[in-house]
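Novice: Protein chains in written order, with this note's numbering: chain A, 1 to 245; chain B, 1001 to 1245.
No residue lacks a Cβ here, since even glycine has one placed at the ideal position from N, Cα and C.
Number of protein chains: 2
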Amino acid sequence: MKFKLTLAYDGSAYQGWQSQKSGRGVQDQVEAALARLFPGTPKLTGSSRTDAGVHALALVAHFETADLRMPVRHLPLAINSLLPQDIRVTRAAKAPGDFHARFGAVSKEYRYRIWNHPVMNPLLRTQAWHVPRKLDLAAMREAADLFTGRHDFTAFTANRPGELGDPVRTLDRCEIRKRGSEITCILQASGFLYKMCRGIVGTLVQVGEGRFPPPAVETMFESRDRREAGMNAPAPGLILWKVDY
Amino acid sequence: MKFKLTLAYDGSAYQGWQSQKSGRGVQDQVEAALARLFPGTPKLTGSSRTDAGVHALALVAHFETADLRMPVRHLPLAINSLLPQDIRVTRAAKAPGDFHARFGAVSKEYRYRIWNHPVMNPLLRTQAWHVPRKLDLAAMREAADLFTGRHDFTAFTANRPGELGDPVRTLDRCEIRKRGSEITCILQASGFLYKMCRGIVGTLVQVGEGRFPPPAVETMFESRDRREAGMNAPAPGLILWKVDY
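What follows is the structure, given as structure tokens:
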């Protein structure tokens, strides 16, 4: 039987989603809980490999087990009772035999939070990027529009060119919202390259600071060179928000 | 010379605003920083005494010193460089000689955050109250309307009757907002009694759970008895949001 879990976590204390030799991957923590509930230490397959310090509200993962000894609706409570407070299973469901958390995802949404004020908000210090200089929202939105659509994102990924197959992705949404001192970038695509979200957001912020004019985004795309694009935004502002199948 | 500071802090690690023998009051931390910048170890007077675990985005405090050796606009940076990351001075200004952070406040706003979902959001685990049962928003709003206005709040404070003078306060705003699984209660008044916010929010949530019908709020007011009202909402959901002069 295959099961689909939806997971939320505060990534501050972990070295990312993926299993680590150190045991400090989020996956290690959840697999350790599953090992206490099910025979044969089931392995998880996650929808996404979030980096160290990145958070998730709804990462999806699947696992298989021969034997579920409880109603599936009790599964979140059972697993959560064995997990640290910074990792929670928010939902569990039976999944069809051909379900695959990674390859079946048709759309992923990330959100990136920025605190744009001379002084950091201490309540967001592990959940947002502190950008003290005033940002030009209009310029950032102009650049965001240039990111939207189908592009070769080689200049915005930490992968080496050609390292991981096709670098073309379609960004369906690149939206910038502001509420008080908090700016949120919403990024949605069927798939992202390694560190692509952080490369896009870092570039958007540098556009907002006047370091690049918005049309420079097109030159960056054409360069296919990571060094031509903007900086990587730091990990703690990023949240994997939603995965659709 | 008198100075006005605006302070934001994550209250999780502290025993409240007020100075403690243990040194674990937020006030102790800020006064220790001031002592390194100014002669004569200036003392702070805060607008509010937040409880252990309660947060602030804009608590106001004043202090006096004979000698400011820097432009006042440099003061936040100077103090922040001596403070832990969970406490920040967001603004500093010269204040008139008769300014008083506590007695001069004409309006205070608190916000209380609730995560209303069967499973807690790990990103809010120190900043919201986890209420797993579905809440009846309409009933809560009906009760909130009954809280608004001028009342004897004896039944909603941890003060003993008569202990701290006049128990009559005017709640100018008692509003309930919902966005996804997050419910926020906004409370505004010229002044609050000890633990009054948490008594009101605890009662509102128990109304939302069906434990009390909304009109019971009127009976609670009339009783002037803390035991007749609802529970105290836990500290970590509460944020001192704004103080006006």
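So, at 8 Å on beta carbons, what are the nonlocal neighbours of Ala58/A in its own chain, with the 5 sequence-adjacent residues on each side left out?
Specialist: Along the first sequence, read from residue 1 onward, the residue named residue 58/A stands at position 58. Contacts found: Thr6, Leu7, Ala8, Thr90, Leu240, Trp241, Lys242, Val243.
Novice: Against chain A, with Cβ distances strictly below 9 Å, would Arg1055/B count as a contact?
Specialist: As a working note, residue 1055/B is residue 55 in the second sequence. The question names Arg, but residue 1055/B is His in the sequence shown. At least one chain A Cβ lies under 9 Å of His1055/B.
Novice: Would you kindly check if the distance between the Cβ of Gln127/A and the Cβ of Leu1077/B is under 9 Å?
Specialist: Position 77 of the second sequence, counted from the start, is the residue given in the question as residue 1077/B. Position 127 of the first sequence, counted from the start, is the residue given in the question as residue 127/A. Cβ distance not < 9 Å, so Leu1077/B and Gln127/A don't count as in contact.
Novice: Quick one: using the 10 Å Cβ neighbour count with 16 as the cut-off for buried, is Arg1069/B buried or exposed?
Specialist: Here residue 1069/B refers to the residue found at position 69 of the second sequence. So Arg1069/B ends up on the exposed side.
Novice: Using the C-alpha atoms, what's the distance from Val1030/B back to Ala155/A?
Specialist: Numbered from 1 along the first sequence, position 155 holds the residue referred to as residue 155/A. Numbered from 1 along the second sequence, position 30 holds the residue referred to as residue 1030/B. One C-alpha to the other measures close to 45 Å.
Novice: Which residues in the same chain as Trp129/A place their Cβ atom closer than 6 Å to its Cβ, once the five residues preceding and following it in sequence are excluded?
Specialist: Stepping through the first sequence from its first residue, residue 129/A is reached at position 129. Once the five neighbours on either side are set aside, the close Cβ partners of Trp129/A are Ile114, Ala233, Pro234, Gly237.
Novice: Report yes or no: do three or more beta-carbon pairs, one from the stretch 1204-1211 of chain B and one from the stretch 1091-1110 of chain B, lie closer than 8 Å?
Specialist: The answer is no - the stretch 1091-1110 of chain B does not touch the stretch 1204-1211 of chain B, with fewer than three Cβ pairs under 8 Å.
Novice: Is the stretch 182-197 of chain A in contact with the stretch 101-108 of chain A, if contact means three or more CB pairs nearer than 8 Å?
Specialist: Flag = yes, the stretch 182-197 of chain A and the stretch 101-108 of chain A touch.
Novice: Using the C-alpha atoms, what's the distance from Gly23/A back to His40/A?
Specialist: For the purposes of this step, residue 40/A is identified with residue 40 of the first sequence, where counting begins at 1. For the purposes of this step, residue 23/A is identified with residue 23 of the first sequence, where counting begins at 1. It should be pointed out that residue 40/A corresponds to Gly in this sequence rather than to His. Roughly 18 Å between the two C-alpha positions.
Novice: Using C-beta distances below 8 Å, list every residue in its chain close to Ala1052/B, excluding the 5 sequence neighbours before and after it, in chain order.
Specialist: The residue given as residue 1052/B occupies position 52 in the second sequence. Gly1011, Tyr1014, Gln1015, Gly1016, Ala1235, listed in sequence order.
Novice: What are the uninterrupted segments assigned as alpha helix (DSSP H) that are 4 or more residues long and contained completely in the stretch 96-128 of chain A, given in chain order?
Specialist: Taking only runs of at least 4 residues, no alpha helix (DSSP H) segment lies wholly in the stretch 96-128 of chain A.
Novice: Tell me the DSSP bridge mates of His151/A?
Specialist: In the first sequence, the residue the question calls residue 151/A occupies position 151. Partner(s): Arg169/A.
Novice: Going by beta carbon distance, what residues of the same chain come within less than 6 Å of Arg1198/B, once the five residues before and after it are set aside?
Specialist: Numbered from 1 along the second sequence, position 198 holds the residue referred to as residue 1198/B. These residues qualify, in order along the chain: Asn1232, Ala1233.
Novice: For Val60/A and Thr50/A, what's the separation of their Cα atoms in angstroms?
Specialist: Stepping through the first sequence from its first residue, residue 60/A is reached at position 60. Stepping through the first sequence from its first residue, residue 50/A is reached at position 50. Answer to the nearest angstrom: the Cα atoms are 12 Å apart.
Novice: Could you give the distance in angstroms between the alpha-carbon of Leu1083/B and the alpha-carbon of Val1131/B?
Specialist: Position 83 of the second sequence, counted from the start, is the residue given in the question as residue 1083/B. Position 131 of the second sequence, counted from the start, is the residue given in the question as residue 1131/B. If I take the Cα positions, the gap works out to 34 Å.
Novice: Should Pro1214/B go down as buried or exposed, given a rule of 16 or more other Cβ atoms within 10 Å for buried?
Specialist: Start at 1 with the first residue of the second sequence, and residue 1214/B comes out as number 214. The residue in question, Pro1214/B, is buried, as its Cβ has 16 or more Cβ neighbours within 10 Å.
Novice: For Arg1226/B, which residues of its own chain have a beta-carbon under 8 Å away from its beta-carbon, when the five flanking residues on both sides are left out?
Specialist: Reading the second sequence from its first residue, position 226 is the one you call residue 1226/B. Excluding sequence neighbours, Arg1226/B sits near Thr1154, Ala1155, Phe1156, Thr1157, Ala1158, Gly1199.
Novice: Using alpha carbons as the reference points, say which of Arg1088/B, Ala1092/B, Val1168/B, Arg1073/B lies closest to Trp1221/B.
Specialist: As a position in the second sequence, residue 1221/B is number 221, starting the count at 1. What sits at residue 1221/B in the sequence shown is Phe, not Trp. Cα-wise, what sits closest to Phe1221/B is Val1168/B.
Novice: Whose Cβ in chain B lies nearer than 8 Å to the Cβ of Ala52/A?
Specialist: Here the question's residue 52/A lines up with position 52 in the first sequence. Those do not exist, as Ala52/A stays about 16 Å from chain B at its closest Cβ, beyond 8 Å.
Novice: What is the residue span of the beta strand (DSSP E) that Phe3/A lies within?
Specialist: Here residue 3/A is taken as the residue at index 3 of the first sequence, counted from 1. Taken as a continuous stretch (DSSP letters only), the beta strand (DSSP E) holding Phe3/A covers 2-9.
Novice: Given that Gln1085/B touches chain C, what residues does it touch there, using C-beta distances under 7 Å?
Specialist: No chain C is part of this structure, whose protein chains are labelled A and B.
Novice: Where do the N-terminal and C-terminal ends of the beta strand (DSSP E) with Leu240/A fall, by residue?
Specialist: For this step, residue 240/A is matched to residue 240 along the first sequence. Note, Leu240/A: beta strand (DSSP E), 238-244.
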